[in-house]
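Protein chains: 2
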Amino acid sequence: MAVLGIDLGGTKTAGIVFHDGEIVERYRATTDITSSETVMAGIVEACSRLLEASESRGLEVTSIGLGIAGFIDFERGVVTDAPNHPLHEAPVRDVLQDAFHLPAIVDNDANVAALAEARLGAGKGCRYLIHLTLGTGIGGGIIVDGEVYRGAQGAGAELGHMIIDENGPICNCGARGCLEALVSGVAIYKRVEELSWTKKHSPMLDEFRADPLAFRAEAVERHATDGDEFALSILRTAGKHLGVGIASLINIFNPDAVTLSGGLLGCFQFMEEEMRMTVDGMAIPISRRHVRILTSTLGDDGGTLGAAILASSQG
Amino acid sequence: MAVLGIDLGGTKTAGIVFHDGEIVERYRATTDITSSETVMAGIVEACSRLLEASESRGLEVTSIGLGIAGFIDFERGVVTDAPNHPLHEAPVRDVLQDAFHLPAIVDNDANVAALAEARLGAGKGCRYLIHLTLGTGIGGGIIVDGEVYRGAQGAGAELGHMIIDENGPICNCGARGCLEALVSGVAIYKRVEELSWTKKHSPMLDEFRADPLAFRAEAVERHATDGDEFALSILRTAGKHLGVGIASLINIFNPDAVTLSGGLLGCFQFMEEEMRMTVDGMAIPISRRHVRILTSTLGDDGGTLGAAILASSQG
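Sequence order for the protein chains is A and B. Sequential numbering of the first sequence, starting at 8, is according to the working numbering. Sequential numbering of the second sequence, starting at 8, is according to the working numbering.
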């Protein structure tokens, strides 16, 4: 018995065939975000390719799981809205079920990543786990008693929009001082931009000024490695904000583990010390002594594995 | 079949006999916080009196539920620590079971208050509910799929120690900008004290200066009713902070309802508008449109009723 796990992000669509606890096939393509139709066509293409690959291996696929970056109506299998691709009120589950005559299940990408960490990853065996995906934005997943927490309508676990500084910078969501407005790739880019308006000079700031549109948050990691004082300062401050958010989550959830994944982990070595000092100073002792704060051991596979685990649960 | 529900606070110990969905007996006494022994003796006395009253009515009591203001090790039935009374590593469950030969169950007071709201109160029928007790401090309870959420060790739902302003005032817990440091009775008292250091005058500030130690946060309600501009400003600001905390909780939990109880509700009329405006501006639309924000309909009975419901669940 095999299942498909698909991870739809704003830039790439990844998929796996998961069989006997192993990834036996992989698929990866650029997400064509021209329109809702091109995104859906990309998902269908990923499933078709992986089903063909399964067939050629003699594996019967029993269900399809999808993790999608966006707001999901879990009961109806609909992507209601998404910040990084054009799906809007898209009945993804029904489209796939009609196309392939297989049961399909659709969830938020950070929810399934949390499930993967709790079942197979850094938090393996944890009944209560909080997962943060640190990328361009910040996604969140909550595992309660071993299962994904979704809330009343499936819109829960928006941990990137936990407000940690009510007077802080405006977030994409319209609120102020969300974790995402202080720690994400976008937040770090904005801090570099702010510093570029000053008269200070450093290799990073000069690179930014030379071509702001070409500058990527990932460059901050390189400059921090080279010792750029502004890069280091920005990442330490981001680490402190991350620590505040994690401390709050520890006080709220008393979890076994907090796990972290995403592109920003490349910078984690420069953020970790401030993050841990802040958690030590701000989280309630009983919960703080119990929790482990861990980086993902699944890397880019977290999303597809989580989607496959979700598919298995209803296969 | 009847159960006892006991609510142990820092100032009062209340109890009920709960039978056929009705409160049939009540008990109330001042909590003697001289020592751990006097507090325990008070709990035993409350149970004894209520058991006698049940017997004289011909009711058989099958279990005892307790809601206690403090950190609870739920599995072991132990109060590990408490801010407002001297219980510390106190095996409350076992003491009661030995004394009365009845099953007993011990939980945090805000957890049981949340359960009461979800089963019998303002949030009746809600599967996902967040409850805040707004008093001297701020307690929190989380209902997930109709049941109390406790986390890995029973220390979860410390919603008063969600950090909403990382640069805000120091909280009793040692962190900065917790909801409790910005909205509670203690927080409001401290804002009055700060204003009393200025050269401003108002009936409230002059009353505070006359006898700071005799001043109670409750007086702010009276002064606000009389139109004291500083009282009104403090409560509006507290309402805004409360709105930030509720918005964050809505984004995290996507609940059916957020319910509010506690002594600070006397001031709620002066806080509500700012609170609702802030929630409207800061919570994610899909979750915001779904949630209802409600004041408790159970009043002082929330704690004892919740404890009784908890007792019924294992009776």
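Think of the CB as a built atom: it goes at the ideal place given N, C-alpha and C, for glycine as much as any other residue. Everything numeric in this text was worked out from a predicted model, so none of it was measured.
Along the chain, where does the beta strand (DSSP E) containing residue i start, and where does it finish?
| i | result |
| --- | --- |
| K19/A | K19 to H26 |
| T37/B | E29 to T37 |
| F78/A | F78 to D80 |
| H138/A | L136 to L141 |
| D4/B | Residue 4/B is absent from the structure shown; chain B starts at 8 and stops at 322. |
Determine the direct distance from the alpha carbon of residue j to that of residue i, and round the result to whole angstroms.
| i | j | result |
| --- | --- | --- |
| L272/A | V85/B | 40 Å |
| E214/B | L220/B | 11 Å |
| K131/A | I137/A | 12 Å |
| T38/A | G252/B | 36 Å |
| R229/B | L15/A | 56 Å |
| N179/A | M289/B | 11 Å |
| L212/B | V199/B | 7 Å |
| S191/A | G158/B | 27 Å |
| L301/A | I241/B | 41 Å |
| V298/B | E281/B | 17 Å |
| A36/B | E44/B | 16 Å |
| R33/A | A9/A | 13 Å |
| S209/B | D88/A | 51 Å |
| G49/B | S268/B | 25 Å |
| G74/A | D152/B | 23 Å |
| A162/A | N174/B | 29 Å |
| A182/A | T285/B | 9 Å |
| I259/A | R283/A | 18 Å |
| R296/B | R83/A | 18 Å |
| I23/B | S42/B | 24 Å |
| G322/A | G28/B | Only weak support exists for where G322/A lies, its pLDDT of 46 falling under 50; the value from the coordinates is given anyway. Between G322/A and G28/B, the C-alpha separation is close to 42 Å. |
When you compare the CB of residue i with every CB in chain B, is at least one pair closer than 9 Å?
| i | result |
| --- | --- |
| E165/A | yes |
| D208/A | In the sequence as presented, Asp is not what sits at residue 208/A; that position holds His. Chain B contact via Cβ: absent. |
| V251/A | yes |
| T87/A | yes |
| G288/A | yes |
| D263/A | yes |
| C180/A | yes |
| I149/A | yes |
| Y34/A | no |
| K247/A | yes |
| I291/A | yes |
| G184/A | yes |
| G322/A | Caution is warranted here: a pLDDT of 46 is assigned to G322/A, below 50, making its placement in the model unreliable, and the coordinate value is therefore given only provisionally. By this cut-off, G322/A is not an interface position. |
| H92/A | no |
| F78/A | yes |
| V298/A | yes |
Does any residue of chain A have a CB that is nearer than 9 Å to the CB of residue i?
| i | result |
| --- | --- |
| E173/B | yes |
| C54/B | no |
| G12/B | no |
| N258/B | yes |
| I170/B | yes |
| G161/B | yes |
| G158/B | yes |
| A254/B | yes |
Tell me whether residue i sits in a helix, a strand or coil according to DSSP, three-state version.
| i | result |
| --- | --- |
| G273/B | helix |
| E154/B | strand |
| G322/B | Note that G322/B has pLDDT 46, beneath the 50 cutoff, so the model's placement of it is unreliable and the number below is only indicative. Of the three classes helix, strand and coil, the one that applies to G322/B here is coil, per DSSP. |
| G49/B | helix |
| D114/B | strand |
| H168/B | helix |
| L267/B | strand |
| L301/B | strand |
| R223/A | coil |
| I40/B | coil |
| G309/B | helix |
| G148/A | strand |
Just curious, the alpha helix (DSSP H) that residue i is in, first and last residue?
| i | result |
| --- | --- |
| D14/A | That residue, D14/A, is in no alpha helix (DSSP H); its beta strand (DSSP E) goes A9 to L15. |
| I71/B | First-last for I71/B: V68 to I75, but that is the beta strand (DSSP E), not the alpha helix (DSSP H). |
| V293/A | First, the amino acid is wrong: residue 293/A is Ile here, not Val. Residues P292 to H297. |
| L239/A | E236 to F260 |
| G192/A | G192 to S203 |
| D101/B | V99 to F107 |
| E214/B | P210 to A217 |
Given a cut-off of 9 Å, decide if residue j and residue i are closer than it, judged by their beta-carbon atoms.
| i | j | result |
| --- | --- | --- |
| T140/A | D116/A | yes |
| V68/A | T143/A | no |
| G148/A | E187/A | no |
| S255/A | M169/B | yes |
| G313/A | A121/A | yes |
| A76/A | H95/A | no |
Is the closest heavy atom of the ligand NAD to the C-beta of residue i under 8 Å?
| i | result |
| --- | --- |
| T143/B | Among the ligands in the structure shown, none appear at all, so the ligand NAD cannot be discussed. |
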